[in-house]
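Trainee: Before I ask anything, here is the structure I am working with.
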Amino acid sequence: MSLTSQMSYALVVFVSAVFTQNILLSNFLGMCPFIGVSREIKAAFGLGLAVIFVLTVTCLLNWLAYHYVLVPLGLHFFRFILFIIIIAAFVQFVEMAIDRFSPPLYQRLGVFLPLITVNCAILGACLFMIIRDYSFIVTIGYGLGSGIGWFLAIMAMAGIRQRLANERIPRGLQGPGITLIIAGLMALAFIGFAGVLQGS
Amino acid sequence: MKSIGSENKKLIVEGLWNNNPIFKQVLGICSTLAVTNLVLNTAVMCAALVFTLSLSAATVSILRSLTPRNVRMMVETLIIAFYVIIVDIVLKAYWPQMSSNLGPYVGLVITNCIVMGRCEAYGNSNPPGRAFVDGLFNALGYSFILLIIAIFRELLGMGTFLGVSMPYFGGAYWDKWIIMVMPPGAFFMLAVVVWVFKSIQGVKEDKAK
Numbered sequence: 001m002s003l004t005s006q007m008s009y010a011l012v013v014f015v016s017a018v019f020t021q022n023i024l025l026s027n028f029l030g031m032c033p034f035i036g037v038s039r040e041i042k043a044a045f046g047l048g049l050a051v052i053f054v055l056t057v058t059c060l061l062n063w064l065a066y067h068y069v070l071v072p073l074g075l076h077f078f079r080f081i082l083f084i085i086i087i088a089a090f091v092q093f094v095e096m097a098i099d100r101f102s103p104p105l106y107q108r109l110g111v112f113l114p115l116i117t118v119n120c121a122i123l124g125a126c127l128f129m130i131i132r133d134y135s136f137i138v139t140i141g142y143g144l145g146s147g148i149g150w151f152l153a154i155m156a157m158a159g160i161r162q163r164l165a166n167e168r169i170p171r172g173l174q175g176p177g178i179t180l181i182i183a184g185l186m187a188l189a190f191i192g193f194a195g196v197l198q199g200s
Numbered sequence: 201m202k203s204i205g206s207e208n209k210k211l212i213v214e215g216l217w218n219n220n221p222i223f224k225q226v227l228g229i230c231s232t233l234a235v236t237n238l239v240l241n242t243a244v245m246c247a248a249l250v251f252t253l254s255l256s257a258a259t260v261s262i263l264r265s266l267t268p269r270n271v272r273m274m275v276e277t278l279i280i281a282f283y284v285i286i287v288d289i290v291l292k293a294y295w296p297q298m299s300s301n302l303g304p305y306v307g308l309v310i311t312n313c314i315v316m317g318r319c320e321a322y323g324n325s326n327p328p329g330r331a332f333v334d335g336l337f338n339a340l341g342y343s344f345i346l347l348i349i350a351i352f353r354e355l356l357g358m359g360t361f362l363g364v365s366m367p368y369f370g371g372a373y374w375d376k377w378i379i380m381v382m383p384p385g386a387f388f389m390l391a392v393v394v395w396v397f398k399s400i401q402g403v404k405e406d407k408a409k
């Protein structure tokens, strides 16, 4: 593919990762923090930003590692371990860097960074990009789009849950139950975006 | 000997019911919810989870005195990844069709919070035998809920069970609920299951008081 057609394909992948193929609402990745941390908007915002950043960069790092290290060596099956190590090391590195250069930012994002290592959205996106055989440019669009899609979903959820705090909810549904129902409604709404990308 | 037996019994009840990973802890639903639209996929996925969780909890427990505390998480992740790679390779070799159906979700067992959670909460501070039992029954408690979800989703959404057309639901009188096999159906179904089981537990707790 030429560079321009790759760029336009990357744009399509970006839009579909944000809306129609939302990593959280259609692939169920990153559910645990989505349910656990969506109680207030401020925390959801911090975690969402951290996910966008880490997801985009680790996707690219893992793309490079997979195509330039694992494929030439014929070690495809080793990818789970390599990806996890790269993600963990990168998160650790970012944590140290932020702590060193910007303490106020560390105060806001610091607590969320360790959580990200075990966020399945990150590893999931990396595995999807390998399975779907994306090129490097398309991976940029995919990583960024997935991160933004996750951010959008958790922000919307946090907004709704704050309003629900004072409502009366059946006892068995309190907490995770009602969150899942809202997530289902949101997933329904996001299916509505499916028409946006037809014909491309 | 008797005390060991009762300890195991306690672990079994905890894992399957009192502290069920899905409706009590709400952990690790990410990697498996996506495959619950077909019973067969769910069963394979659950088998992979049972294998990984029980063996990695036991392994973490065996190595617990050799592992330095500050790299503990990393060691646990590598142990889990080791078992997941075994599952992945076996599936690719003997059942390539299933391997491609499940896509990345087999690999995602590594970041499944319940595996890490049990290794960290139990395997890390208990002998291997009991860690194995704890892991095994947590995984089974997790699997039976997911199988319930999968059975309902496949039946209502496609009118089949394990791919075989069912009477009534597969017939012309049943308008298939396509939404059940799409992502929102998984969320609704899980919410209903959590609601039902938590309510049953709530009633029992009230009686116990």
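Protein sequences, first through last, are from chains A and B. For the first sequence, our numbering gives the first residue as 1, with consecutive numbering after it. For the second sequence, our numbering gives the first residue as 201, with consecutive numbering after it. All C-beta atoms in this analysis are idealised placements derived from N, C-alpha and C, irrespective of residue type, glycine included.
Can you check DSSP and say which residues form a bridge with Thr360(B)?
Mentor: In the DSSP output, where bridge partners are listed per residue, Thr360(B) has Ser365(B).
Trainee: Are the C-beta of Ile181(A) and some C-beta of chain B separated by less than 8 Å?
Mentor: Yes, Ile181(A) lies at the interface with chain B (some Cβ there is under 8 Å from its Cβ).
Trainee: With 8 Å set as the bound, which would you pick, yes or no: does the beta-carbon of Asp288(B) sit closer than that to a beta-carbon of chain A?
Mentor: Yes, contact with chain A.
Trainee: Please report the straight-line C-alpha distance between Gly144(B) and Arg108(A), rounded to a whole angstrom.
Mentor: In the structure displayed, chain B extends from 201 to 409; residue 144(B) sits before or after that span and is not available.
Trainee: Hey, would you say Ala183(B) sits closer than 8 Å to Thr252(B), going by beta carbons?
Mentor: Not covered by the structure: residue 183(B). The range shown for chain B is 201 to 409.
Trainee: Measure how close the beta-carbons of Ala121(A) and Val51(A) come, nearest whole angstrom, since I'm counting them as under 8 Å.
Mentor: At roughly 7 Å, the Cβ-Cβ gap stays under 8 Å, so Ala121(A) and Val51(A) are in contact.
Trainee: Quick one: grab the DSSP three-state call for Trp150(A).
Mentor: Helix, per DSSP.
Trainee: Would Ile23(A) count as contacting chain B if we go by Cβ distances under 8 Å?
Mentor: Chain B contact via Cβ: absent.
Trainee: Determine contact between the region 397-405 of chain B and the region 168-180 of chain A, defined as no fewer than three beta-carbon pairs at a distance below 8 Å.
Mentor: Yes, the region 397-405 of chain B touches the region 168-180 of chain A.
Trainee: Please state the DSSP three-state secondary structure of Ala121(A).
Mentor: Note: Ala121(A) maps to helix in three-state DSSP.
Trainee: Taking the alpha-carbon of Glu40(A) as reference, which of Thr20(A), Ala158(A), Ala10(A) has the nearest alpha-carbon?
Mentor: It is Ala158(A) whose Cα lies nearest to the Cα of Glu40(A).
Trainee: Leaving out five residues before and five after Leu123(A) in sequence, what residues of the same chain have Cβ atoms less than 7 Å from its Cβ?
Mentor: Contacts found: Phe83, Ile84, Ile87.
Trainee: Determine the DSSP secondary structure at Asp334(B), reduced to helix, strand or coil.
Mentor: Helix, per DSSP.
Trainee: Counting only runs of 4+ residues fully inside the region 270-330 of chain B, write out the alpha helix (DSSP H) ranges in chain order.
Mentor: For the region 270-330 of chain B, whole alpha helix (DSSP H) runs of length 4 or above, ordered along the chain, are 272-294, 296-302, 313-321.
Trainee: Contact defined as beta carbons within less than 8 Å: I believe Leu47(A) pairs with Ala187(A). What is the distance between those atoms, to the nearest angstrom?
Mentor: That pair is no contact at about 20 Å.
Trainee: Figure out for me which residue from Leu390(B), Gly370(B), Gly215(B), Pro384(B) has the closest Cα to the Cα of Ile191(A).
Mentor: Selected option, being the one with the closest Cα: Pro384(B).
Trainee: Give a yes or no on contact between the region 333-346 of chain B and the region 208-221 of chain B, applying the rule of three or more CB pairs nearer than 8 Å.
Mentor: Touching, yes.
Trainee: Let me know the secondary structure DSSP gives Gln162(A) once reduced to three states.
Mentor: Looking at Gln162(A) - three-state DSSP - the assignment turns out to be helix.
Trainee: If you reduce the DSSP assignment to three classes, tell me which class Ala10(A) lands in.
Mentor: Helix, per DSSP.
Trainee: Taking only three categories from DSSP, how would you classify Gln92(A)?
Mentor: DSSP places Gln92(A) in helix when its eight states are reduced to three.
Trainee: Between Leu29(A) and chain B, is there a C-beta pair that is closer than 8 Å?
Mentor: True, the Cβ-Cβ gap to chain B drops below 8 Å.
Trainee: Of the residues Gln162(A), Leu185(A), Phe77(A), Val54(A), which one's Cα is nearest the Cα of Ala89(A)?
Mentor: Minimum Cα distance to Ala89(A) is reached at Val54(A).
Trainee: Pro33(A): which of Leu3(A), Phe45(A), Asn119(A) sits nearest, CA to CA?
Mentor: Nearest of Leu3(A), Phe45(A), Asn119(A) to Pro33(A), Cα basis: Asn119(A).
Trainee: Of all the CB atoms in chain B, is at least one closer than 8 Å to the CB of Ala165(A)?
Mentor: Not closer than 8 Å to any Cβ of chain B, the Cβ of Ala165(A) fails to qualify, so no.
Trainee: Once you ignore the five residues that flank Val381(B) on each side, which residues in its own chain have a CB closer than 7 Å to its CB?
Mentor: Counting only Cβ-Cβ distances below 7 Å, and skipping sequence neighbours, we find Asn237, Arg353, Gly357, Met358.
Trainee: Which residue comes first and which comes last in the alpha helix (DSSP H) that contains Ala50(A)?
Mentor: It spans 41-65 - the alpha helix (DSSP H) in which Ala50(A) sits, taken as one unbroken run.
Trainee: Does DSSP classify Ile188(B) as helix, strand or coil?
Mentor: No answer is possible for residue 188(B): the residues shown for chain B start at 201 and end at 409.
Trainee: Using a Cβ-Cβ cut-off of 7 Å (strictly less than) and excluding sequence neighbours within five positions of Asn62(A), which residues of its own chain qualify?
Mentor: Excluding residues within five positions, the ones whose Cβ falls inside 7 Å are Phe83, Ile86, Cys126.
Trainee: Check the C-beta distance from Leu233(B) over to Ala386(B) and give it rounded, since I have them as a contact under 8 Å.
Mentor: The pair is a contact, with the Cβ atoms about 5 Å apart (cut-off 8 Å).
Trainee: If I follow the unbroken alpha helix (DSSP H) through Val250(B), where does it start and stop?
Mentor: First-last of the alpha helix (DSSP H) with Val250(B): 239-262.
Trainee: Does the beta carbon of Val271(B) come closer than 8 Å to any beta carbon on chain A?
Mentor: It does not; no Cβ of chain A falls within 8 Å.
Trainee: Which of the three DSSP states, helix, strand or coil, is assigned to Tyr373(B)?
Mentor: Three-state result, Tyr373(B): coil.
Trainee: Taking Ala29(A) and Cys313(B) to be in contact with their CB atoms under 8 Å, please state how far apart those CB atoms are, rounded to whole angstroms.
Mentor: In the sequence as displayed, the identity of residue 29(A) is Leu instead of Ala. Leu29(A) to Cys313(B), Cβ: 12 Å. No contact.
Trainee: Would you mind telling me which residues of chain B sit closer than 9 Å to Leu173(A), beta carbon to beta carbon, in chain order?
Mentor: Result: Ala391, Val394, Trp395, Lys398, Ser399.
Trainee: Counting contacts by CB-CB distance shorter than 8 Å, is Gly177(A) in contact with chain E?
Mentor: The displayed structure is made up of protein chains A and B, and chain E is not among them.
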